[in-house]
Amino acid sequence: MKMLDNFLKKLNKPVPVFAQTKMEKENPTDDAASTKPKTTFEDVAGLEEIKEELFEIVDFMKSPDKYKKMGAKIPKGVLFYGPPGTGKTLLASAVAGETNSSFFNVTGSEFVEKYVGVGAKRVRTLFEKARKEAPSIIFIDEIDAIGAKRHLESNNEKDQTLNQLLVEMDGFTKDSNVIIVGATNRLDLLDEALLRPGRFDRHIHIGSPNYHTRYEILKVHTNNKPIDSSVDLEVLAKKTHGFNGAHLSNIANEAAIFAVRDKSDVITSVHFDKALERVIAGLESKSSVLIEKEKKIVSYHEAGHALVSNLVGLCPIQKISIVPRGQALGYVLQLPDEDRYIYTKDELIGKMKILLAGKASEEIIFNHKSTGAKDDLKKVTDIANQMVCEYGMSNLGFMTIDGNVKSFMSEKIQKEANDIVQTCYKETLELLKNNINDLHVVSKHLFDKETMTHEELKSLITKECVN
Ligand code: ATP
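If you count the sequence shown from 1, position 150 lands on 150 in full-length UniProt numbering, and the numbers rise without skipping.
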């Protein structure tokens, strides 16, 4: 079973994306070959404040005299930090495209070597080339691989590589016209020396896109595609809370592939729905057929999730399925109507009940405990622990519990978390027992038809669908 939260966690794994940036490799075989990207800020949807900030650098590179006259120094380095797939590489290549600069796109791990001095030499070579081909942008993705905090017992090779990077950045003259852009998902790991002014002068956070940005990203990635009038990008943007740019461009691409497969001239909303499901839940596994007994268990498990989800009413259900996808034997596809950043205690408890409902349903019908609830229980445990240790939502009081205190109090924490989960579980069992006929009906429909839409669920159950 994969509920929305699992999906979004899962989505943080890199998703294959067909490159949308317009780049021309000059010499791909060269170690530190540059490209001349054709990407511009127009290719980067949303992120207006970030583009504005970068526009200053672009302006500086295009007309340095204007700034020099005022005694202003060009920033040497810009550091992008934030979750993966949010457009850091795209922005860096857009700065290169806007300034017609050579773009050196490297990854921190490329400099990590076993032999002392090799990484440092690579850094030296890279900067030499960048100076020669200036104006240049050097983009170092995963800069934490070489720029992590140094310790007393540090690795000599890594230290030398980082030192070389610092030396190169210090060696920039005001006329170098080379900008270094670093990207990391973990700003907290970086060595102070890299972050101080004069090196990475600007730190720019690039977070997960909000509704507006998701809409803009979808527009960028569909504007060269034959989109049918049935496709409503606003609705799609609403449904994709928690998705990053990479996921959205992937959805647009997958929808196009589904349209080709259907021999359709246009990409319809059906293709987008299929693409969304595929990106969220993985490939439909046509070969793994459930044996009759397991199919029945999965039907009740998913029916339990769907019923309780409907009764709790946190997030609208789009589809319920027992067709295996990826590693899931079944799933309830729930997509939010709006971006949510804050949850109340009641809502967290509601979430836990939805997650526990698969297990509860199996217990009521088969009187067993199965392995099918493993993922759900992990999620529930995380929420309960967070409620106790981070949100002050337990009898232990309004405080955060971490570090040494956490190990000191581990027994009490476990007891509190367990009490919360047990109470939720009992209430979930009650909910399902009170709606046992609906549970049988929904489960039977799933067993026979294997999938169910929100409308079908609505027509089958006696309690009105909350959403
Ligand atoms: P990572 O940290 O994993 O390297 P990243 O932040 O560098 O990720 P990008 O490689 O820039 O992410 O983005 C991946 C793809 O997502 C881009 O090629 C592009 O197709 C799409 N994308 C991301 N953000 C945007 C955006 N704001 N506008 C348009 N497309 C975007």
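The beta carbon of each residue, even a glycine, is placed where N, CA and C say it ideally should be.
Cβ shell of residue i (< 8 Å), same chain only, five flanking positions each side left out
i    : result
E234 : Y215
K76  : M169, F172, I179, I180, G198, R199, F200 and D201
N163 : A120
N435 : L307, L311, I461, T462 and K463
V388 : S394, L396, I401, I413, E416, A417 and I420
A183 : L79, F80, Y81, K88, T89, A92, F139, I140, D141, E142 and I143
Assigned exposure category for residue i - 16 Cβ within 10 Å defines buried
i           : result
V266        : exposed
residue 481 : Only positions 1 to 467 of the chain appear in the structure, and residue 481 is not among them; the question remains open.
S459        : exposed
I420        : buried
I461        : buried
V78         : buried
V260        : exposed
S209        : Just to set this straight, residue 209 is Pro in the shown sequence, not Ser. The residue in question, P209, is buried, as its Cβ has 16 or more Cβ neighbours within 10 Å.
G403        : exposed
G85         : buried
Q422        : exposed
N156        : exposed
Through-space distance from residue j to residue i, alpha-carbon basis
i    : j    : result
K449 : L314 : 26 Å
R340 : D188 : 26 Å
F398 : K406 : 15 Å
P226 : N418 : 53 Å
I146 : F41  : 29 Å
K319 : L335 : 10 Å
E232 : I342 : A small fix is needed here, since residue 232 is Asp in this sequence, not Glu. One C-alpha to the other measures close to 27 Å.
K379 : F60  : 49 Å
K351 : D65  : 58 Å
L431 : K293 : 25 Å
H247 : V279 : 7 Å
According to DSSP, residues forming a beta bridge with residue i
i    : result
V106 : I140
L190 : A148
I227 : I267
I317 : Q334
A183 : F80
V200 : Note that residue 200 is Phe in the sequence shown, not Val. Paired residues: G77.
H205 : Y81
A328 : R325
M452 : I320
V178 : S136
Proximal residues to residue i (C-beta, below 6 Å), its chain only, five neighbours per side dropped
i           : result
A130        : F104, S136, I138 and V178
R122        : F111
residue 468 : Because the chain here runs from 1 to 467, residue 468 falls outside it and cannot be looked at.
K51         : F41
CB contact below 8 Å: residue i versus chain B
i   : result
F55 : The displayed structure is made up of one protein chain only, and chain B is not part of it.
Same chain, Cβ closer than 7 Å to residue i, neighbours up to 5 away in sequence not counted
i    : result
F18  : Low confidence applies here, because F18 scores a pLDDT of 27, under 50, leaving its location unreliable; read the following figure in that light. Taken in chain order, the residues that qualify are N253.
A275 : I251, E254, A255 and F258
L446 : S299, E302, A303, I320, I322 and M452
heavy atom of the ligand SAM below 7 Å from residue i C-beta
i    : result
V181 : In terms of ligand content, the structure shown lacks the ligand SAM and carries the ligand ATP instead.
Which residue spans inside the stretch 362 to 438 form an unbroken alpha helix (DSSP H) run of at least 4? Assignment of alpha helix (DSSP H) within the stretch 362 to 438, counting only whole runs of 4 or more residues, yields 374 to 389, 403 to 408 and 410 to 434 in chain order.
Which ranges would you report for the beta strand (DSSP E) in the stretch 26 to 92 if only whole runs of at least 3 residues count? Here the runs fully enclosed are 77 to 81.
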